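Have a look at the structure below before the remarks.
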Amino acid sequence: MAGILLLVLHPMVTIINGEIVQDNDPRAQEFRNRGRRQERQQQQQWNQNAPVQQGQGGGSIFDQLNNRLISAGFPRWNLGQNIVEPIVSVALIIALVLFGIQGVLLVGVAWFIMQQSRQR
């Protein structure tokens, strides 16, 4: 009960550049909106960089699965200058759960070899 009273008595706050700001402050609202705008811009850039599928086949089964993961909201992320696709992230998680660190290393080596072959 004391925790509920504490939440009621102390409104939520946001920390901006080390300064504590109430959530209803315009600076806090702008700070939250700025983050959302950047996420939308990044999503638009990722969608523009997505490979264009030709024909009705839509590429390999892995390309189709990767596109479904992207449309479901799984992000691409960068590792150095390379883009890590969502399907690789899922493979890393599955390898970690099933095989531990050795599985992660195996997926990492396979990904590295694929990246090197694409650059040639």
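Numbering (mature numbering (1 follows the signal peptide of the UniProt record, and there is no 0)), first residue to last: -18 to -1, 1 to 102.
Glycine included, every Cβ here is placed at the ideal spot set by N, Cα and C.
Note that the coordinates shown come from a computational prediction; the quantities given were computed from them, not determined experimentally.
For residue i, is the classification buried or exposed, using 16 other Cβ atoms within 10 angstroms of its Cβ as the cut-off for buried?
i     : result
Arg9  : exposed
Arg58 : buried
Ala92 : exposed
Asn48 : buried
Please determine whether the Cβ atom of residue i lies at a distance below 7 Å from any heavy atom of the ligand ATP.
i     : result
Ala92 : This structure lacks the ligand ATP; in fact it carries no ligand of any kind.
Express the C-alpha separation of residue j and residue i in angstroms, rounding to a whole number.
i     : j       : result
Gly55 : Pro68   : 9 Å
Phe13 : Asn(-2) : 10 Å
Glu1  : Met96   : 46 Å
Gly41 : Gly82   : 31 Å
Val3  : Thr(-5) : 5 Å
Cα-Cα, which of the options is closest to residue i?
i     : options                    : result
Ser99 : Ile43, Asn64, Asn6         : Asn64
Asp45 : Val70, Gly62, Leu61, Gly90 : Val70
Taking C-beta to C-beta, are residue i and residue j nearer than 8 Å?
i       : j     : result
Glu86   : Leu80 : Here residue 86 turns out to be Val, not Glu, going by the sequence shown. No, they are not a contact pair.
Val72   : Leu51 : yes
Met(-7) : Asp7  : no
In terms of residues, what are the limits of the beta strand (DSSP E) holding residue i?
i    : result
Gln4 : 1 to 4
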